[in-house]
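**Q** When you line the sequence shown up against numbering that gives the first Met the number 0, it's residues 0 to 563, in that order.
Take this structure first; my questions come after.
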Amino acid sequence: MKHRFAHFLFGLLGILLLHSPQMEAADKPASAVKTEVPVQANPQVPPFECEARVGYDRDLMLPGYLLPTSAGPRTCIPFTSTAAHPPAGYRGDFYVDEFSDAKLRARWQRCKADKGCYDRVYKQVMARHPPNREYNDRDPRHRFLLGKVEEKGGDTDLKSIRRPGFFATAPYDEPIASADAQTYIVEFTAPAEPYERLHRNLTADIKLRGWYIRGAGIDDGKGGKMRALIVMSGGGGDRVTAIDDPSDVLYSIDAKTGASILNSFPNKTTGAKGQAAWRRVQDSLHRAGFDVLAFDRRGIGISGGFSDTNTLQQGRDLLNIVASLRTGIGLRALAPNGTISLGRNAATALRGDTPDAGLPVLLLGNSRGTMATSWAMTMNFDKDCSYDQATIACKPAVADRTIEGAILVAEFSAGAGHVPAETTAVDDGRGPGRDRGLFIGGIEVEHSIVFFPSSATLAGTSKWPSAFFARGLWCYASGLEGTIDSYDRVKGLKDLVVVRGPHPYETWPEEEQQRMQERMIAYAQAVVLGRDGIPGRRTWSNMKELVATTSDVWEPSTHPTVER
0 MKHRFAHFLF
10 GLLGILLLHS
20 PQMEAADKPA
30 SAVKTEVPVQ
40 ANPQVPPFEC
50 EARVGYDRDL
60 MLPGYLLPTS
70 AGPRTCIPFT
80 STAAHPPAGY
90 RGDFYVDEFS
100 DAKLRARWQR
110 CKADKGCYDR
120 VYKQVMARHP
130 PNREYNDRDP
140 RHRFLLGKVE
150 EKGGDTDLKS
160 IRRPGFFATA
170 PYDEPIASAD
180 AQTYIVEFTA
190 PAEPYERLHR
200 NLTADIKLRG
210 WYIRGAGIDD
220 GKGGKMRALI
230 VMSGGGGDRV
240 TAIDDPSDVL
250 YSIDAKTGAS
260 ILNSFPNKTT
270 GAKGQAAWRR
280 VQDSLHRAGF
290 DVLAFDRRGI
300 GISGGFSDTN
310 TLQQGRDLLN
320 IVASLRTGIG
330 LRALAPNGTI
340 SLGRNAATAL
350 RGDTPDAGLP
360 VLLLGNSRGT
370 MATSWAMTMN
380 FDKDCSYDQA
390 TIACKPAVAD
400 RTIEGAILVA
410 EFSAGAGHVP
420 AETTAVDDGR
430 GPGRDRGLFI
440 GGIEVEHSIV
450 FFPSSATLAG
460 TSKWPSAFFA
470 RGLWCYASGL
480 EGTIDSYDRV
490 KGLKDLVVVR
500 GPHPYETWPE
510 EEQQRMQERM
520 IAYAQAVVLG
530 RDGIPGRRTW
540 SNMKELVATT
550 SDVWEPSTHP
560 TVER
């Protein structure tokens, strides 16, 4: 019963966070909050049946469902669950209405007036301002491993950027190397963001760079080929050209405690651990015929810029990039043969034809990249709001008709309302924990930055034309109910893949990584070709059935818990 009580308690905490008569309780640590208000039952979420310990990167007990596996007929398969639940009799869209930017900003202002809340949260809010550590890293070895170049804005030597062919040699032997002859080095122009302008008096444009891998087109089923583009936005640690030595590991296990220990990068041999896994995704998409654009967000890797934190601005960047590929505005491209082209000529070189109409586009985000992708989708299909300004003002949706859907892996799309009930001290100290809502309001007000999304992305999901979701069951980004909430709101083609693993895709078992890639490609092909369905989907109707769609394979740091 302990896991049910914890689920109940944290659900009540979510209620307390929302109502001003109880605000003084909400701004105290979770352990200090008590209430008798019942949680409303959700028929799509059957009662939890067990609890089990998971390893990396949770190292804690989680609720679960009992299902048959090769380990036993009553195996507890765990997952993160949502903390906040609508109170009995609540009317409205709880996870949208109660976690808006306006309400989160108001909560932050009340927090600033409360010493206990202020002392608990203020330090982490004020510490999360740009630049990140990489910006000031002048270690030559680190810079080499991360693939960084000498930044000279529009005069930066694009030939100095590492190409896919670099990874052909041992010990890397990465399949992406075979795409070298189809890969352009591309550079886009982006404006300074609000933090830079308002807090640092920086106004110069910056340059965003990456690989554009031209595809052969996907089979249209009629004997022809149809080209389409997938734009990839990486997670917090991803760098497009970073070296990822296969002898290095992301984490180790403490022999005494059994706890996972995250290894630090860059080290002597690896710049960004996990990047090789994402280059395998690029390769899979390219082999399936898609054009693939993988770029580093502003402030990291081969891109310029001071700040890498504002995911709302990164969403704007995505929309501008898609437009630039049609118009050529602010675009520079280095062809595989070494020829550099500018503007419309660059767009034509990439498109291979008149670029004005553009290609069908899908936006693919991983972890932090799902925040940028979700903002881009929100601005394109719902509304474009200035959440990183002192005053929130909204404009009509951008309505770029070439954008046909989103692919979200380890996603944050469900917003602040679906923070997990089960958090660790590490979570609570870095923003994604129980104070995420206060953190969102705080950095908007204090830094003119949007990092984690409020409910604004969830609010607009019903207007997205299609979406693909993939996540580990015990991902820390949101409760599993949150991903279901996002998925349910999409009215067009959609799929949801879950695996027995944590947040980082690169830690999932190899066969599950392969399954995710296959499902992603099936979704993308179905969308681009206008099909009515996605072949091979695993069907489900509630959360237990969704959990049962996982393959019978576990991320290795978590061992099955079987009830006798």
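Even for Gly, the Cβ is constructed at its ideal location relative to N, Cα and C.
Given the structure is predicted, the values throughout are model-derived calculations rather than measurements.
If you draw a straight line from the alpha carbon of I229 to that of L363, how long is it in whole angstroms?
**A** Looking at the two C-alpha atoms, the distance is approximately 7 Å.
**Q** DSSP has R52 in a bridge; who is on the other side?
**A** Note: R52 sits in a beta bridge opposite M60.
**Q** Does the Cβ-Cβ distance between L318 and V239 come in under 8 Å?
**A** No, the Cβ-Cβ distance between L318 and V239 is not below 8 Å.
**Q** For Q565 versus I160, is the C-beta spacing smaller than 8 Å?
**A** Outside the shown range of the chain (0 to 563) lies residue 565, about which nothing can therefore be said.
**Q** What does a CB cutoff of less than 7 Å around Q274 pick up in its chain, not counting 5 residues either side in sequence?
**A** Result list for Q274: D237, R238, A241 and D243, in chain order.
**Q** G214 by DSSP, collapsed to three states: which one?
**A** G214: coil per DSSP, three-state reduction.
**Q** Taking Cβ positions, are A332 and A348 nearer each other than 8 Å?
**A** Yes; because the gap between Cβ atoms is below 8 Å, this pair is in contact.
**Q** Tell me whether I252 sits in a helix, a strand or coil according to DSSP, three-state version.
**A** In the structure shown, I252 sits in a strand (DSSP, three-state: E or B).
**Q** Could you round the C-beta distance between P359 and V527 to whole angstroms and report it? I think they count as a contact, below 8 Å.
**A** Confirmed, Cβ separation roughly 5 Å.
**Q** Does P170 come out as helix, strand or coil in the three-state DSSP assignment?
**A** Here P170 sits in coil by DSSP.
**Q** Give me the Cβ distance between L495 and Y486, rounded to the nearest whole Å; I'm assuming they're in contact under 8 Å.
**A** Yes, L495 and Y486 are in contact; Cβ-Cβ is about 5 Å, under 8 Å.
**Q** Taking the CB atoms as reference points, tell me whether K206 and S306 lie closer together than 8 Å.
**A** Their beta carbons are not under 8 Å apart, which means K206 does not touch S306 by this criterion.
**Q** Which two residues bound the contiguous alpha helix (DSSP H) that contains A258?
**A** That residue, A258, is in no alpha helix (DSSP H); it is neither H nor E in DSSP.
**Q** Taking the C-alpha atoms as reference points, what is the distance between D179 and L292?
**A** Taking the straight line from one Cα to the other gives about 13 Å.
**Q** As an exercise, report each continuous alpha helix (DSSP H) stretch of at least 4 residues that is fully enclosed by the segment 420–468, in chain order.
**A** Listed in chain order, they are 424–429, 435–446 and 455–459.
**Q** With a Cβ-Cβ cutoff of 8 Å, do G478 and A420 count as a contact?
**A** Closer than 8 Å, so yes.
**Q** Please report the residue range of the beta strand (DSSP E) in which F294 lies.
**A** From DSSP, the beta strand (DSSP E) with F294 extends over D290 to F294.
**Q** Are there 16 or more other CB atoms within 10 angstroms of the CB of E510, so buried, or fewer, so exposed?
**A** E510 comes out exposed.
**Q** Could you give the residue range of the beta strand (DSSP E) that holds K382?
**A** Unbroken beta strand (DSSP E) run through K382: K382 to C384.
**Q** Identify which residue in T506, D387 and T256 has its Cα closest to the Cα of R470.
**A** It is T506 whose Cα lies nearest to the Cα of R470.
**Q** Taking 8 Å as the cut-off, decide whether the C-beta atoms of I439 and S453 are in contact.
**A** Contact: yes.
**Q** CA-CA distance, S259 and C474?
**A** Spanning the two alpha carbons is a distance of roughly 15 Å.
**Q** Closest to P130 by C-alpha separation, out of L249, D118, T326 and N309, would be which residue?
**A** When each option's Cα is compared against that of P130, the closest is N309.
**Q** Just to confirm, is the Cβ distance from V120 to L545 under 8 Å?
**A** Against a cut-off of 8 Å, the Cβ pair of L545 and V120 comes out as no contact.
**Q** In angstroms with no decimal places, state the Cα-to-Cα distance between R499 and A82.
**A** Distance between the alpha carbons of R499 and A82 is about 21 Å.
**Q** Starting from the Cα of E554, find the closest Cα among V44, A476 and R57 and give me that residue.
**A** Nearest C-alpha to E554: R57.
**Q** Along the beta strand (DSSP E) that carries A334, what are the first and last residues, could you check?
**A** Segment: none, A334 is in no beta strand (DSSP E) and carries neither H nor E.
**Q** I'd like to confirm the pairing. Which residues does DSSP put opposite S232 in its beta bridges?
**A** Beta-bridge pairing links S232 to F294 and G364.
**Q** Return helix, strand or coil for K394, following the three-state DSSP convention.
**A** It is a strand residue.
**Q** Please specify which runs of the alpha helix (DSSP H), each continuous and at least 4 residues long, are wholly inside the segment 456–544, giving them in chain order.
**A** Counting only runs of 4 or more, we get 479–488 and 509–527.
**Q** Sort out for me which residues DSSP pairs V185 with in a bridge.
**A** Answer is G209 and A332, bridged to V185.
**Q** For V239, which of helix, strand or coil comes out of DSSP?
**A** Three-state result, V239: coil.
**Q** For I184, tell me which candidate among S385, D352, V53 and W210 has the shortest Cα-Cα distance.
**A** Comparing Cα positions, the closest option is W210.
**Q** Can you tell me which of the three DSSP states R162 falls into?
**A** If DSSP states are grouped into helix, strand and coil, R162 belongs with coil.
**Q** Considering only the beta carbon of each residue, do N541 and P85 sit closer than 8 Å?
**A** Cβ atoms of N541 and P85: not closer than 8 Å.
**Q** Could you give the distance in angstroms between the alpha-carbon of R488 and the alpha-carbon of P77?
**A** Between R488 and P77, the C-alpha separation is close to 24 Å.
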